[in-house]
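Contents: one structure, followed by commentary.
Numbering (the numbering used here), first residue to last: 171 to 297.
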């Protein structure tokens, strides 16, 4: 068993893009390395967290093994650092400011359109 504490990823299971991305990560991730918390069931998974459901549905949130909370692109980098193959991307993204800015802008653009994807998926799930 690994002595590295797991990270916790809070994701939106109603978002089809997010769900697909998490499914891919789960296939790559060592089972003990990541705890997955699906927010689709509501805010109960956030009972002991310092952020609410609205914030968690706006940006990806990841709590690392040391208890630090990461949001947005930084949350992705924390997650990728735990994934075989993906961890190679983390250092260049952190080091190259132009790349980081481009990825942050792309992610923020996606977050503007994501609520519509979530809403449609949720409506289909309740039909």
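Even glycine gets a Cβ: it sits at the ideal position worked out from N, Cα and C.
Less than 9 Å separating the beta-carbons of residue 177 and residue 205?
-> Pairing residue 177 with residue 205 gives a Cβ-Cβ distance under 9 Å.
Helix, strand or coil at residue 256 according to DSSP, with G and I counted as helix = In the structure shown, residue 256 adopts coil according to DSSP, grouped into three states.
Could you please give me the residues that DSSP links to residue 281 through a beta bridge?
-> Residue pairing for residue 281: DSSP places it in no beta bridge.
Quick one, are the C-beta atoms of residue 266 and residue 245 less than 9 Å apart?
-> Going by C-beta atoms, residue 266 is not nearer than 9 Å to residue 245.
At which residues does the alpha helix (DSSP H) containing residue 243 begin and terminate?
-> For residue 243, the enclosing alpha helix (DSSP H) begins and ends at 242 to 251.
Cutoff 7 Å; reference residue 281; Cβ partners in own chain excluding five residues on either side = Counting only residues of its own chain and dropping the five nearest sequence neighbours on each side, residue 281 has a CB closer than 7 Å to the CB of 228, 229.
Runs of beta strand (DSSP E) lying entirely within the region 183 to 244, each at least 3 residues, in chain order = Counting whole runs of 3 or more residues, the region 183 to 244 contains the beta strand (DSSP E) stretches 204 to 208, 231 to 233, 239 to 241.
Which first and last residues belong to the beta strand (DSSP E) in which residue 179 is found?
-> Residue range 177 to 181 is occupied by the beta strand (DSSP E) that includes residue 179.
How many angstroms separate the CA atom of residue 221 from the CA atom of residue 189?
-> The alpha-carbon atoms of residue 221 and residue 189 are separated by roughly 21 Å.
Answer yes or no: do residue 260 and residue 250 have a C-beta to C-beta separation smaller than 9 Å?
-> Yes; because the gap between Cβ atoms is below 9 Å, this pair is in contact.
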